[in-house]
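Residue numbers (our numbering): 38 to 220.
Let me begin by presenting the structure, written as structure tokens, before commenting on it.
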């Protein structure tokens, strides 16, 4: 006979274990890190230290990371005077060194204009679990603007020069026609 309470406990425990290891990204508005900081975490000890600093002593379960295959990259924007600012990241393998290097592009997304935003201290952050690489670079992802191409000039000749050129071309065409007649 199956012990139903034991079975229920095992199922609950397995769901917690899979949920704890199933995370990819953690982001939010409140962190214990007050300065703009970029972090690469490659060991359990570093992860424990960062999590303790991030949670600022509040008891929160630290998400699981398999540091034999994964690492954590984190972007903390520092303290802001209003809520609503977010951090977006795009993590890409370097096209020239895809096996050993990755680039973390980060972008600060301000609160939507025209919306009510709380006047409160916030510390926008994002932590992302990524494949283990030897080198990580952080770069700000800035919007690029393509410069407007100047309008092509309408004409480089003055009206008088245009008339002179047209008359010269007419004369050359007439001479060419006359030359064909005399062959």
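Backbone N, C-alpha and C define an ideal beta-carbon position, used for all residues, glycine too.
Predicted, not measured: the structure shown is a model, and the values here were computed from it.
Straight-line Cα distance separating residue j from residue i
i: residue 146; j: residue 97; result: 26 angstroms
i: residue 160; j: residue 174; result: 22 angstroms
i: residue 64; j: residue 136; result: 27 angstroms
Other residues of its chain near residue i: CB distance less than 6 angstroms, five sequence neighbours each side excluded
i: residue 62; result: 165
i: residue 156; result: 119
Buried versus exposed call for residue i [16 or more other C-beta atoms within 10 Å across all chains shown]
i: residue 162; result: buried
i: residue 114; result: buried
i: residue 84; result: buried
i: residue 214; result: exposed
i: residue 206; result: exposed
Own chain, CB closer than 7 angstroms to residue i, minus 5 neighbours either side, in chain order
i: residue 81; result: 104
i: residue 178; result: 127, 142, 143, 144
i: residue 67; result: 159, 160
Cβ neighbours of residue i in the same chain (closer than 8 angstroms, five flanking residues each side left out)
i: residue 138; result: 130, 131, 170, 171, 172, 173, 174
i: residue 46; result: The pLDDT assigned to residue 46 is 40, lower than 50, so where the model puts this residue is not dependable; a value taken from the coordinates is nonetheless given after this. Nothing meets the Cβ criterion.
Extent of the continuous alpha helix (DSSP H) run through residue i
i: residue 92; result: 81-92
Terminal residues of the beta strand (DSSP E) in which residue i lies
i: residue 139; result: 138-146
Worksheet entry | Inter-stretch contact at 8 angstroms, needing at least 3 Cβ pairs: the segment 120-133 / the segment 95-109 | no
Worksheet entry | Cβ contact check for the segment 74-94 and the segment 116-126: 3 or more pairs under 8 angstroms | no
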